[in-house]
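All remarks here apply to the structure that follows.
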């Protein structure tokens with residue numbers, strides 16, 4: 012079987028676990044999995060980058076994978092977050108190279124729920140964390 | 012469906028013989044447009060009898076050296092094959108093909 016015309020990508024080698032960056036080069040997330048859908052011909056195509064422990068857990072499999080998924084669900088604040096996997100629509104991707112560049116700044120992408128949880132539940136309880144001197 | 016659900020899945024040919032597991036998914040960026048960019052569309056499955064998926068990129072024609080590592084990797088994966096997606100008739104829970112293994116050309120030839 013020959014190499015097809017058009018840009019060829021090996022998903023495992025060139026997309027999974029790659030760093031995603033915003034237009035300014037700021038790290039956004041890692042590619043934990045990829046969502047596929049079937050086109051009219053029945054061929055799968057990539058629709059979204061899946062991120063976070065609920066995407067990574069099933070990929071790891073076994074007991075560790077179940078723990079990762081369960082802990083992520085436990086740390087979720089909103090009920091909707093417990094079942095939904097975070098995703099970045101593939102339409103946001105502008106470049107695929109050693110890193111994957113997306114078109115929107117990291118601040119506009121809600122991709123850091125764990126950091127937000129730690130900020131609200133751990134850091135916020137440390138005396139002085141709210142800039143009390145100001 | 013997720014990419015990880017296909018990677019690692021057993022592949023069975025038309026005669027019912029297992030020919031290996033999916034170690035990578037070869038896509039061509041010619042899928043439906045999303046945000047002005049063509050999405051990667053699955054073209055073929057890289058199937059190897061060895062569960063170790065680390066071919067270190069030597070399944071790509073552009074990857075040549077270092078030659079010693081290439082020789083070792085090609086030797087380990089000498090029975091790896093590219094299976095066109097058009098040959099897949101079912102993909103859950105196993106990938107079933109409508110061709111026999113002897114019609115699939117080995118990847119390294």
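Protein chains in written order, with the working numbering: chain A, 12 to 145; chain B, 12 to 120. Heads up, the beta-carbon is just placed ideally off N, CA and C, and yes, glycines get one too. For clarity, every value in this text was computed on a predicted model and none was experimentally measured.
For residue 53 of chain B, at least one C-beta of chain A is nearer than 8 Å to its own C-beta. In the DSSP assignment, residue 31 of chain B falls outside any alpha helix (DSSP H) and lies within the beta strand (DSSP E) extending over 29-39. Only residues of its own chain outside the window of five on either side were considered, and among them 105, 112, 113, 114, 115 and 116 have a CB closer than 8 Å to the CB of residue 34 of chain A, listed in chain order. Proximity of the stretch 41-57 of chain B to the stretch 46-59 of chain A meets the contact definition, three or more beta-carbon pairs being nearer than 8 Å. Counting along the chain, residue 133 of chain A sits inside no alpha helix (DSSP H), nor does DSSP assign it H or E at all.
Among the residues of the stretch 25-41 of chain B, those with a Cβ less than 8 Å away from any Cβ of chain A are 34, 35, 36, 37, 38, 39, 40 and 41, in the order of the chain.
Along the stretch 47-81 of chain A, the alpha helix (DSSP H) occurs as fully enclosed runs of 4 or more residues at 64-71, listed in sequence order.
When Cβ-Cβ separations below 8 Å define contact, residue 102 of chain A makes contact with chain B. Secondary structure at residue 118 of chain A: helix, using DSSP grouped into helix, strand and coil.
Per DSSP, the unbroken alpha helix (DSSP H) holding residue 86 of chain B starts and ends at 78-87. The residue among A/136, A/42 and A/21 with its C-alpha nearest the C-alpha of residue 28 of chain A is A/42. When the beta-carbon positions are compared, residue 20 of chain B and residue 109 of chain B stay at least 8 Å from each other.
Contact note: residue 18 of chain B reaches chain A through 22, 23, 27 and 70, using a C-beta cutoff of 9 Å and chain order.
Between residue 43 of chain B and chain A, the shortest Cβ-Cβ separation is below 8 Å. DSSP places residue 30 of chain A outside any alpha helix (DSSP H); the residue lies instead in the beta strand (DSSP E), whose first and last residues are 30-32. In its chain, beyond the 5 residues on either side, 24, 28 and 30 have a beta carbon closer than 7 Å to the beta carbon of residue 112 of chain B.
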